[in-house]
Amino acid sequence: MTKAITQPEIHPDTERLSAFAEQALSERERSEVLSHLAVCGRCRQIVTLAQATPAEIAVEASAPEMIQMRRAWWKEWRLALAPVAALAMTAALAVYFHEQRVRRPAQMAQANPSAMMQNAEAPANPSQGERPAPPPQLASPNATREKRQPKPEHPDAGAPQRTPEMAMAPASPQPPAVMDRPAEAQLQPPLPPTPPPVANSGFLAGREPATYQPPAESEWQAEKKAQERDKLLANPGSGERLAAKSAQEPQDGGGGAPASSAQVQVTAAAPEFETQSAPMTGLLRGSQSSGLISVHRMSAVQLPSGLPVVSIASSGGRMLAIDKAGALFLSEDSGTTWKRITQQWTGRAIEVRRQPTEKAGADQAPEPKAKTKGNAPVAAASATLPTPVFEIVNDQGKVWFSADGVSWTAK
Amino acid sequence: MAPTESVASVENAELSEAVSAFDRSLAEELWRTSDAASWGLAKQEFEQILQDAGAAWNYGLGEGETATPHQRAVFMRRLCLADLVLARACASGHERAWEHFVAIYRQPLIRAAIAITGNETLGHDLADQLYAELYGLKERDGERRCPLLSYRGRGSMLGWLRTTLAQRHIDHHRRTRREEPIEEFDAPADDPPPQTPARQLSQLEHAVEEALAEEEPEERYLLAAYYLDGQTLKQAAKAIGVHEATVSRKLQRAVKAIRKRTMGNLQRGGMSRRAAEEAMGTDPRDLDVNLKMLLQESQVKTFQEQAAP
Numbered sequence: 005m006t007k008a009i010t011q012p013e014i015h016p017d018t019e020r021l022s023a024f025a026e027q028a029l030s031e032r033e034r035s036e037v038l039s040h041l042a043v044c045g046r047c048r049q050i051v052t053l054a055q056a057t058p059a060e061i062a063v064e065a066s067a068p069e070m071i072q073m074r075r076a077w078w079k080e081w082r083l084a085l086a087p088v089a090a091l092a093m094t095a096a097l098a099v100y101f102h103e104q105r106v107r108r109p110a111q112m113a114q115a116n117p118s119a120m121m122q123n124a125e126a127p128a129n130p131s132q133g134e135r136p137a138p139p140p141q142l143a144s145p146n147a148t149r150e151k152r153q154p155k156p157e158h159p160d161a162g163a164p165q166r167t168p169e170m171a172m173a174p175a176s177p178q179p180p181a182v183m184d185r186p187a188e189a190q191l192q193p194p195l196p197p198t199p200p201p202v203a204n205s206g207f208l209a210g211r212e213p214a215t216y217q218p219p220a221e222s223e224w225q226a227e228k229k230a231q232e233r234d235k236l237l238a239n240p241g242s243g244e245r246l247a248a249k250s251a252q253e254p255q256d257g258g259g260g261a262p263a264s265s266a267q268v269q270v271t272a273a274a275p276e277f278e279t280q281s282a283p284m285t286g287l288l289r290g291s292q293s294s295g296l297i298s299v300h301r302m303s304a305v306q307l308p309s310g311l312p313v314v315s316i317a318s319s320g321g322r323m324l325a326i327d328k329a330g331a332l333f334l335s336e337d338s339g340t341t342w343k344r345i346t347q348q349w350t351g352r353a354i355e356v357r358r359q360p361t362e363k364a365g366a367d368q369a370p371e372p373k374a375k376t377k378g379n380a381p382v383a384a385a386s387a388t389l390p391t392p393v394f395e396i397v398n399d400q401g402k403v404w405f406s407a408d409g410v411s412w413t414a415k
Numbered sequence: 003m004a005p006t007e008s009v010a011s012v013e014n015a016e017l018s019e020a021v022s023a024f025d026r027s028l029a030e031e032l033w034r035t036s037d038a039a040s041w042g043l044a045k046q047e048f049e050q051i052l053q054d055a056g057a058a059w060n061y062g063l064g065e066g067e068t069a070t071p072h073q074r075a076v077f078m079r080r081l082c083l084a085d086l087v088l089a090r091a092c093a094s095g096h097e098r099a100w101e102h103f104v105a106i107y108r109q110p111l112i113r114a115a116i117a118i119t120g121n122e123t124l125g126h127d128l129a130d131q132l133y134a135e136l137y138g139l140k141e142r143d144g145e146r147r148c149p150l151l152s153y154r155g156r157g158s159m160l161g162w163l164r165t166t167l168a169q170r171h172i173d174h175h176r177r178t179r180r181e182e183p184i185e186e187f188d189a190p191a192d193d194p195p196p197q198t199p200a201r202q203l204s205q206l207e208h209a210v211e212e213a214l215a216e217e218e219p220e221e222r223y224l225l226a227a228y229y230l231d232g233q234t235l236k237q238a239a240k241a242i243g244v245h246e247a248t249v250s251r252k253l254q255r256a257v258k259a260i261r262k263r264t265m266g267n268l269q270r271g272g273m274s275r276r277a278a279e280e281a282m283g284t285d286p287r288d289l290d291v292n293l294k295m296l297l298q299e300s301q302v303k304t305f306q307e308q309a310a311p
């Protein structure tokens, strides 16, 4: 029997028991302690209680981290500031890029207005250079139209009057040159090839430039013009404004509206409107004095053939329209009912217009102005006009004219 | 002095000088690695601490054995020197060492005290009491005594603190149990007289005691922890650092061996096999009480208190 059993009153000291619990004793020492423990309930209890509980072990395992957190809590905050700063920087960059994206067309227009104008107008009307420049007094009121008259001598002359929205309207269908973009703009994805639709239809209007719908937009613009003229016609007191507006139509119609000319290239309806708008400009100048409506939405006209309208002309309540197959239709009630006209010309009719000789009567502006100033009814004003003469052009360029739209004579 | 004695003394002097040189070089190496200089411990102080620890433990050897330089080196390298130098620095009143000690061990000390007592209030009281003692507020023979001086680095500082807390708690519990008022003491009913004759019972106790004595210390500890203290297999296994399945197998083997040896002891004491088997069928509660009295009676005075100057 060992000494520990015979003398259980001699307890191992604290460090020995601690070392035993931690398996740090030699085999001989361990055996001695075990011999004592076998007969000493007190030391067994001490050894049992001295063992760390699982909860304590878990806490001890995380204790160094807790100590570190207590010591360096501000460092933890400093670490947390890094992602916050990155987030703030990202937000600032996003706002900045958005601002740059909005301002870039304006900056480009200021930097190289002639190139902008060429880019905007070249696909719309390649023969723009042949057209005579409009009178200065007519070009000045609208800054958007002003941009369409490049001034190489003073390229920045009109820039201060432009707003970013104005500059966006005639945006080039081609992506802008990289050299004109700010340095940070190179990080942005390139602009989509289609231009923004019109002014005020971008971010602030809640519309995304990518969702641009050219056909709807051209329809909207044509409808707006028609409504505008309806309003002016219904209000004879605004004859002066109508005259001024009609006088601008050569720019609008000849070159195609800057916005619509760039937009309608991808649509089928828009080119039809262009073919009509060019000859209509002269008629409008003449009809200004008579107060007749000369513009109609071709897309709103439903011909008996069911085919789309390619050309349309009107005078008073009489309208003539050519469908896609070249058939001519006449309406006596402003497009409500249509009657097909027997073909009396050769080839395929592609265009109907009012005879340019009407311009002579239309140029007598003072007389109709006086009439419209007197708030005379529209019917009375139209009664004083000469009988309108229509012309149709076939696919070979030959022209036929008619006074009533029913019987046609070769010109 | 005879010539042979003078030669032997010269050889011993050379050997002790070589040993001292080896110990000094080892002590210097350990002094650097333990970062003792940061706590203001000089090399000489550190060497003295190592020598004291080695002498107190006899380098992990039995009484009368002399440690070789290799055994000394192994013993010293296994010491928890970082904790040891910290404990000595705290005991000597090094302020920065105390700050470090508090930062490292204050919270674990409280958590361990709460776990030992099973009560947060008692745990805080126990931890505060020990902390005050560690700080040297207790005087002995007119001199402030810091319990940290008794720590010699065999185990970790945290293990030593935890064992100290457990020791204080068990001793306090035993003292207060003895001081329990007699009017509140609910005495159990007297045990009925044993059915087994007293002589046969005495033979049985003697045979069991001999059989237990022949068991290995580890098996005896496991038997006592499992059957007397009611510890679980997991608790007993953790104390000796084995798996609980190992403890289960050890217990089964130990019980079988003790039964076999007890039968043999009874037969050797003059009992027939049948009488021995009848004696083995004695109510175990009678034997249990005797075993408890045999194994659990012990004095409270600890070896540490005896050894303390």
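Residue numbers (this note's numbering), protein chains in the order written: chain A, 5 to 415; chain B, 3 to 311. In this text, a Cβ means the ideal position worked out from N, Cα and C, and glycines have one as well.
Query raised in the report: According to the Cβ coordinates, are L81 (chain B) and A55 (chain B) closer than 8 Å?
Result: A distance below 8 Å separates the beta carbons of L81 (chain B) and A55 (chain B).
Query - Enclosing alpha helix (DSSP H) for D127 (chain B) [first to last residue] - result: D127 (chain B) -> alpha helix (DSSP H) spans E122 to L136.
Query raised in the report: Which first and last residues belong to the beta strand (DSSP E) in which D327 (chain A) is found?
Result: Element bounds for D327 (chain A): R322 to D327.
Requested in this report: Give a single yes or no on whether T178 (chain B) has its beta carbon closer than 7 Å to a heavy atom of the ligand GTP.
Outcome: What this structure holds is no ligand at all, so the ligand GTP is not there to describe.
Query - Rounded separation between A281 (chain B) and E218 (chain B) - CA only - result: In a straight line, the C-alpha of A281 (chain B) is about 25 Å away from that of E218 (chain B).
Query - Partners in chain B for A28 (chain A), counting only beta-carbon separations shorter than 7 Å - result: Within 7 Å Cβ-Cβ: R156 and G157.
Requested in this report: For H40 (chain A), count neighbouring Cβ atoms within 10 angstroms of its own Cβ and tell me buried if that reaches 16, exposed if not.
Outcome: By the neighbour-count rule (16 or more Cβ atoms within 10 Å), H40 (chain A) is buried.
Query - Closest residue to Q233 (chain B) among A:A23, A:S338 and A:Q55 (Cα-Cα distance) - result: Closest option to Q233 (chain B), Cα to Cα, is A:Q55.
Query raised in the report: Along chain A, in chain order, which residues have C-beta atoms closer than 8 Å to that of W162 (chain B)?
Result: T18, E19 and S22, listed in chain order.
Query raised in the report: At least one CB of chain B closer than 8 Å to the CB of H62 (chain A): is that the case?
Result: For the record, residue 62 (chain A) in the displayed sequence is Ala; it is not His. Taking Cβ atoms only, chain B never reaches closer than 8 Å to A62 (chain A), which makes this a no.
Query raised in the report: If you draw a straight line from the C-alpha of L332 (chain A) to the C-alpha of Q348 (chain A), how long is it?
Result: Each residue's Cα considered, the two are about 10 Å apart.
Report task. State buried or exposed for A86 (chain A), treating a residue as buried only when at least 16 other CB atoms are found within 10 Å of its CB. Result -> Exposed.
Report task. Kindly list, in the order they appear in chain B, the residues whose Cβ is closer than 7 Å to that of R108 (chain A). Result -> Neighbours of R108 (chain A) on chain B: none; closest Cβ ~60 Å, over 7 Å.
Query raised in the report: Is the number of C-beta pairs between the region 161 to 174 of chain B and the region 118 to 127 of chain B that are closer than 8 Å three or more?
Result: Under the Cβ criterion (8 Å, minimum of three pairs), the region 161 to 174 of chain B counts as touching the region 118 to 127 of chain B.
Query - Stretch-stretch touch, CB-based, cutoff 8 Å, three pairs: the region 262 to 276 of chain B with the region 203 to 221 of chain B - result: Contact holds: three or more Cβ-Cβ distances are below 8 Å.
Query raised in the report: Got a sec: is the Cβ-Cβ distance from R32 (chain A) to anything in chain B below 8 Å?
Result: Output row for R32 (chain A): interface = yes.
Requested in this report: Please confirm if the region 42 to 55 of chain A is in contact with the region 14 to 33 of chain A, defined as three or more CB-CB distances below 8 Å between the two stretches.
Outcome: As far as the Cβ criterion goes, the region 42 to 55 of chain A touches the region 14 to 33 of chain A, which means the pair count is three or higher.
Query raised in the report: alpha helix (DSSP H) containing K258 (chain B): first to last residue?
Result: Here the alpha helix (DSSP H) through K258 (chain B) covers E246 to R270.
Query raised in the report: Is it buried or exposed for V249 (chain B), if we count other Cβ within 10 angstroms and need 16 for buried?
Result: Looking at its Cβ environment, which holds 16 or more other Cβ atoms inside 10 Å, V249 (chain B) is buried.
Query - Contact belief for L160 (chain B) with P149 (chain B) at Cβ below 8 Å, rounded distance in angstroms - result: Not really, about 15 Å apart at Cβ, beyond 8 Å.
Requested in this report: Note down, in chain order, each residue of its chain lying with its Cβ closer than 6 Å to the Cβ of I396 (chain A), except the 5 sequence neighbours on either side.
Outcome: Once the five neighbours on either side are set aside, the close Cβ partners of I396 (chain A) are A353, V356 and W404.
Query raised in the report: Near K258 (chain B), what residues of its chain come up, given a Cβ to Cβ distance below 8 Å and the 5 sequence neighbours on each side ignored?
Result: So no residue of the chain qualifies.
Query raised in the report: Who pairs with W404 (chain A) in a beta bridge, going by DSSP?
Result: Per DSSP, A:I396 and A:A414.
Query raised in the report: Which of helix, strand or coil does DSSP assign to A69 (chain B)?
Result: DSSP places A69 (chain B) outside both helix and strand once states are collapsed to three, so it counts as coil.
Query - Sheet register partners of L52 (chain B) (DSSP bridge) - result: Its beta-bridge partners do not exist; DSSP assigns none.
Query raised in the report: What are the start and end residues of the beta strand (DSSP E) that includes R344 (chain A)?
Result: Note, R344 (chain A): beta strand (DSSP E), K343 to I345.
**Report entry** Cross-chain neighbours of I260 (chain B) in chain A, by beta carbon under 7 Å
**Finding:** What I260 (chain B) touches in chain A: nothing, since even the nearest Cβ is about 13 Å away.
Requested in this report: Find the residues of chain A that neighbour R276 (chain B), judging by a C-beta separation of less than 9 Å, and give them in chain order.
Outcome: Within 9 Å Cβ-Cβ: nothing; R276 (chain B) doesn't reach chain A, min ~30 Å.
Query - Proximal chain B residues relative to T57 (chain A), where beta-carbon distance stays under 8 Å - result: Within chain B, the residues near T57 (chain A) are A117.
Report task. For Y223 (chain B), go through chain A and note every residue whose CB falls closer than 7 Å to its CB, in chain order. Result -> Within chain A, the residues whose beta carbon sits less than 7 Å from that of Y223 (chain B) are L38, L41 and A42, listed in sequence order.
Query raised in the report: Sorted by chain position, which residues of the same chain lie with C-beta nearer than 8 Å to D37 (chain B)'s C-beta, five sequence neighbours on each side aside?
Result: Excluding positions up to five away in sequence, the list reads A84 and V87.
Requested in this report: Taking I260 (chain B) as the reference, give the member of B:H174, B:L225 and B:R108 with the closest Cα.
Outcome: Per the Cα distances, B:L225.
Query raised in the report: What do you get for P16 (chain A), buried or exposed, if any count of 16 or more other CB atoms within 10 angstroms of its CB means buried?
Result: By the neighbour-count criterion, in which 16 or more other beta carbons inside 10 Å mark a residue as buried, P16 (chain A) falls on the buried side.
Report task. Compare the C-beta of E122 (chain B) with all C-beta atoms of chain A and state if any pair is closer than 8 Å. Result -> Not closer than 8 Å to any Cβ of chain A, the Cβ of E122 (chain B) fails to qualify, so no.
Report task. Might you give, ordered along the chain, the residues of its own chain that have their beta carbon closer than 8 Å to the beta carbon of T166 (chain B), omitting 5 neighbours on each side? Result -> Closer than 8 Å at Cβ, skipping near neighbours: L132 and P149.
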